[in-house]
Amino acid sequence: MWSGRFTKKSDRLTEEFNASIGVDSRMYRQDIAGSIAHAAMLAQQGIITPQEGEQIVKGLQEVLEDIEAGRLEFTIEAEDIHMNVETFLTQKIGDVGKKLHTARSRNDQVALDVRLYLRDEIGQIKQLLLELIAVLCDLAAQHTGTIMPGYTHLQRAQPITLAHHLLAYVEMLRRDSERLEDCSKRVDVMPLGSGALAGTGFPLDREMVARQLGFSQITRNSLDGVSDRDYAIEFASFASILMMHLSRFSEELILWSSSEFGFVELDDAFATGSSIMPQKKNPDLAELVRGKTGRVYGDLVTLLTIMKSLPLAYNKDMQEDKEPLFDAIDTVKASLMVFAPMLKTARFNTRSMAQAAQGGFTNATDLADYLAAKGLPFRDAHEVVGKAVLYCLEKGISLQDVDLATYKTFSPLIEEDIYEFIDVARCVARRRVPGGPAPEMVSQAISEIQEWLRRMGYDADK
Ligand code: ARG
């Protein structure tokens, strides 16, 4: 394709090393859509004739059909998806095909293709994210009264509900979808017309191309148009944060499905067995999501490092952006796809959860609150309850089991009503502060999330 300037053929190793078709062939649809828009615009602007424009557009549509039908094979001689498509076109319609690349460079072409590709994928990922949020919301609705221990330092801390715990993940995922939304604004910019770096002297109608391809803006600087990869980095940042959330959730599901916790049993369809230990049921999917988080972080660091210190404008280094970007896209999609059904089919052992909440003194803070409400300074109340807990630990009993006479020795303020007060379900019900775990607050939160899902365009039937 640069045969004019060169007198020798490329070395085979050069061809292989230089080629990106193995990675970028998946953008064939976007590449063809971009070329069709470009050709139509060239014709409208009188840069090529209407007949030439029609021939090129029709030829490209046929190339698309041929690729989808498996009738064409990509070659590394043509280096990348852009040159492969152009070669197919010229083979099909002859020399007119060579006019397609007028007023265009592969530098603005590849920027366009990646943006188009990412835009489509973002749309799918957004739906997958909303679907996971909807699954969590449904689960939460079933468990607003399911008492479980909340933890800090992985030590039982205070009683909460399973619904409240699940809604914590909903909040993380909502922020993730906002980040994705925000990233998509920066993806939604059309770079064609930037040329190699300095635009073009041909009278292009860039807005027409943007409209035809469904972009709401065009890039404002031709150098930036071909050298910007911020949108890919932003996507990988979104993906990394999302995976971090999913890996925290995975970690909890892994812990919870151990016999030591026994809070959840994953469905057989979403767990695996051991080839040697017949009793085993392993949470492999959750472990893999946790593990794949590392790949996505790697993708982000790869992208940042590729772009670091690159002078303007295009540099071939940037061809390396697609592997990590595609890997982040694929990994996030696959993780979201398994996560939703894995959760939907999981059986939560509400009895173990309740038992765990009864033990471990999760109501100790409430006992201190009881004393504080009766006028004892909280610090002193804390001290009193600490002594009561120590007493219980020595006797091997819980706070509900201490008789009133003994309680009186800790503090005369304690009355008969203490037993009801420190009942764990009451402890939860009392936490009616906005954002708290009381069932009525959680039910309100669920309605608000459902409303938000509708606003975000979530379609439950999709
Ligand atoms: N395959 C290249 C890429 O992905 C396309 C742009 C090539 N441009 C160039 N001047 N060599 O970045």
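Position 351 of the sequence shown, counted from 1, bears residue number 462 in this note's numbering, the numbering being contiguous throughout.
Idealized CB from N, CA, C, for every residue including glycine.
Being a predicted model, the structure only gives us computed values, none of them experimental.
A distance below 7 Å between beta-carbons, with the five flanking residues on each side excluded, links Val-168 to the following residues of its chain, in chain order: Ile-147, Ala-150 and Ala-151.
If you check the C-beta of Gln-430 against the ligand ARG, you find a heavy atom less than 6 Å away. From the listed residues Gln-390, Ile-352, Val-407 and Ala-424, the smallest Cα separation to Pro-435 is found for Val-407. With a cut-off of 6 Å, the C-beta of Asn-218 is classified as near the ligand ARG, since at least one heavy atom of the ligand falls inside that distance. Distance from the CA of Leu-175 to the CA of Pro-302, rounded to the nearest whole angstrom, comes to 23 Å. Residue environment: Asp-206 is assigned as exposed (fewer than 16 neighbouring CB atoms within 10 Å of its CB, all protein chains considered). Proximity of the beta carbon of Ser-131 to the ligand ARG is indicated: a heavy atom of the ligand is located closer than 6 Å. When distances are taken from the beta-carbon of Asp-191 to the heavy atoms of the ligand ARG, the shortest one is below 6 Å. For Gly-306, the three-state secondary structure derived from DSSP is coil. Taking 6 Å as the cut-off, one finds no heavy atom of the ligand ARG near enough to the beta carbon of Val-196. The beta carbon of Ile-159 is closer than 6 Å to those of Leu-153 and Lys-210 in its chain, skipping five residues each way along the sequence. With contacts defined as CB atoms closer than 7 Å, Val-337 and Leu-357 fail to qualify as a contacting pair.
Minimum Cα-Cα distance from Gln-166 among the listed residues Met-464, Lys-203 and Phe-185 corresponds to Lys-203.
Assigned with DSSP and collapsed to three states, Met-448 falls in helix. In the pairwise beta carbon analysis, the segment 368-375 is classified as not touching the segment 305-319: fewer than three pairs are separated by under 8 Å. Burial check for Asp-191: the Cβ neighbour count within 10 Å reaches 16 or more, so the residue is buried. A contact between stretches requires three or more CB pairs, one per stretch, nearer than 8 Å, and the segment 275-289 meets this requirement with the segment 235-252. Within the model, the alpha-carbon separation for Ser-463 versus Ala-556 is close to 25 Å.
In its chain, beyond the 5 residues on either side, Ala-479 and Ala-483 have a beta carbon closer than 7 Å to the beta carbon of Phe-489. Under DSSP, Phe-459 takes part in a beta bridge, and its partners are Val-375. Around the Cβ of Ser-327, a 10 Å sphere holds fewer than 16 other Cβ atoms; the residue is exposed.
Short of 6 Å from the beta carbon of Arg-230, and not among the five residues preceding or following it, lie these beta carbons of its own chain, in chain order: Val-298. Residue burial is scored here from C-beta neighbours: Gly-164 has at least 16 other C-beta atoms within 10 angstroms and is therefore classed as buried.
Here the alpha carbons of Met-138 and Arg-541 stand approximately 55 Å from one another. When the five nearest sequence neighbours on each side are left out, the beta carbons in the same chain lying within less than 6 Å of the beta carbon of Ile-244 are those of Val-281 and Leu-284, in order along the chain. Burial is judged here by how many other beta carbons sit within 10 angstroms of a residue's own beta carbon; Ala-516 has fewer than 16 and is exposed.
By the CB criterion at 7 Å, Pro-550 and Thr-255 fall inside the cutoff.
Collapsing the DSSP output to three states places Arg-267 in a strand. Relative to the non-hydrogen atoms of the ligand ARG, the Cβ of Val-221 comes within a distance shorter than 6 Å of at least one.
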